[in-house]
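The opening position of the sequence shown corresponds to residue 2 in the numbering used here, with each subsequent residue numbered one higher.
Notes follow the structure.
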Amino acid sequence: MKHDWIPLHRVGLLEFGTSIDRFIENGTATAIDTDDSTGWLTFAYDDDSIRVHVEDRRIVSVACYEDCLFNETNLIGIDFESIVKLLGYTPDGSPDVIFIDDEPQQVYEFEKLGAQVWVKDGRVTTVFCEDGN
């Protein structure tokens, strides 16, 4: 399934600030974890291609691993320079470096868009989207 992202509002059918309950009830979201640092619950959505982070039953963040469409372009897999052009914003400050399986990834913040973009070897691997609050 393709998931279109409208910054600060939604990813696909997942609207920020709305209840996760209807996705649990229809079987498209399954609880998988609790983040000890935030207390958020994490749900797998759409065969685990998306992770939904929930606080007090409300959607606060969506992590896209396979599809995140912005203006009909999938952000996952494109080069970092292209994402900057497509979004029309430069990232806020220098990236953080996070190691996943001993491989470095650069994490760029786009606060005005409520996005965090993870890049490995110059290509986008993950986009975290939120409402900016």
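Just so you know, even glycine gets a beta-carbon here, dropped at the ideal spot from N, CA and C.
Predicted model only: the values in this text are computed from it and were never measured.
Pairwise C-alpha distance: residue j and residue i
i	j	result
residue 67	residue 127	8 angstroms
residue 7	residue 45	20 angstroms
residue 82	residue 43	30 angstroms
residue 122	residue 106	8 angstroms
residue 54	residue 28	16 angstroms
residue 57	residue 41	8 angstroms
Delimiting residues of the beta strand (DSSP E) encompassing residue i
i	result
residue 17	From DSSP, residue 17 is part of no beta strand (DSSP E); its letter is neither H nor E.
residue 104	104 to 111
residue 9	Here residue 9 belongs to no beta strand (DSSP E), and DSSP marks it neither H nor E.
residue 43	42 to 46
residue 127	124 to 131
Where the alpha helix (DSSP H) containing residue i begins and where it ends
i	result
residue 51	Not the alpha helix (DSSP H): residue 51 falls in the beta strand (DSSP E), residues 51 to 56.
residue 121	Residue 121 -> not in any alpha helix (DSSP H); beta strand (DSSP E) instead, spanning 116 to 121.
residue 84	81 to 88
According to DSSP, residues forming a beta bridge with residue i
i	result
residue 60	55
residue 97	108
residue 75	70
Supposed close pair residue i, residue j - CB separation, criterion 8 angstroms
i	j	result
residue 52	residue 20	17 angstroms between Cβ atoms; not a contact.
residue 11	residue 17	6 angstroms
residue 124	residue 97	Contact flag wrong, Cβ pair sits at about 17 angstroms.
Three or more C-beta pairs below 8 angstroms linking the segment 97 to 110 and the segment 25 to 33: no
Touch test, the segment 108 to 117 against the segment 73 to 93, Cβ-Cβ under 8 angstroms, three pairs minimum: yes
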